[in-house]
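A.B. asks: Numbers given in our numbering equal positions in the sequence shown, counted from 1, plus 18. Cβ atoms here follow ideal geometry from the backbone N, Cα and C, with glycine treated the same way.
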Amino acid sequence: MTLLACLTLTAFTLQALPTVTSAAEEEKPKLLCPVSGKEASKEHSVKYKGAAVYFCCPNCPKAFEAEPAKFAAAANHQLVATKQFEQKGCPISGGKLNPETAVEIKGVSVSFCCNNCKGKVEAAEGAEKMDLVFGEKAFEKGFKKAKRDKE
Numbered sequence: 019m020t021l022l023a024c025l026t027l028t029a030f031t032l033q034a035l036p037t038v039t040s041a042a043e044e045e046k047p048k049l050l051c052p053v054s055g056k057e058a059s060k061e062h063s064v065k066y067k068g069a070a071v072y073f074c075c076p077n078c079p080k081a082f083e084a085e086p087a088k089f090a091a092a093a094n095h096q097l098v099a100t101k102q103f104e105q106k107g108c109p110i111s112g113g114k115l116n117p118e119t120a121v122e123i124k125g126v127s128v129s130f131c132c133n134n135c136k137g138k139v140e141a142a143e144g145a146e147k148m149d150l151v152f153g154e155k156a157f158e159k160g161f162k163k164a165k166r167d168k169e
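#1: Comparing the CB of glycine 125 with every heavy atom of the ligand ZN, is any distance shorter than 7 Å?
#2: Which ranges would you report for the alpha helix (DSSP H) in the stretch 72-150 if only whole runs of at least 4 residues count?
#3: Lysine 65 lies in the beta strand (DSSP E); which residues open and close that run?
#4: CB valine 71 to CB leucine 50, shorter than 8 Å?
#5: On the criterion of 16 or more Cβ atoms from any shown chain inside 10 Å, does lysine 136 qualify as buried, or is it exposed?
#6: Give the straight-line distance between the Cα atoms of methionine 148 and serine 59, rounded to the nearest whole angstrom.
#7: Under 8 Å Cβ to Cβ from valine 64, same chain only, skipping five residues before and after it: list those, please.
#8: My understanding is that proline 76 touches histidine 95, with C-beta atoms under 8 Å, so please give their C-beta distance in whole angstroms.
Below, the structure is given as structure tokens:
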């Protein structure tokens, strides 16, 4: 009887483990193609700002390279989501970050120097919000290439 109880508990425990792993995997932001907005794959990429930007298909890199400014905010967002770039300052002012102002933008946590800058971003929606935080001027003020540990 005790053996049966142990086997039953073990079976339930083993069944629960994949669920916990799956939940942790779901917390990662999806890698989205900056051109189409579809799920991106590491099979299709181009070099951008000394890092890699990933796309959903072989056609999107061509569109991106033809008009990189058009897709800059989405590409910059992806650079941060993939941890190739990290935040160094407020994307609005360039000032020192206040961790209490953090907000999530499409799966990426972004902080600001003050609640005023945070409020500007929270009041914006969609493409305007992305451009305020990840547009070229904001990206230059607020983000830098991440340093990789030498292996």
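C.D. replies: On the basis of the supplied data:
#1: Questions concerning the ligand ZN fall outside what the structure shown contains, since it holds no ligand whatsoever.
#2: For the stretch 72-150, whole alpha helix (DSSP H) runs of length 4 or above, ordered along the chain, are 78-84, 90-99 and 133-141.
#3: Where lysine 65 is concerned, the enclosing beta strand (DSSP E) stretches over 59-66.
#4: It is not a contact, given that the beta carbons lie outside the stated cut-off.
#5: Buried, by the Cβ-count rule.
#6: Going by the C-alpha atoms only, they are around 21 Å apart.
#7: For valine 64, where only same-chain residues beyond five positions count, the Cβ hits under 8 Å are Ala70, Val71, Phe73, Pro79, Phe82 and Glu83.
#8: Not quite, the Cβ-Cβ distance comes to about 22 Å (not below 8 Å), so this is no contact.
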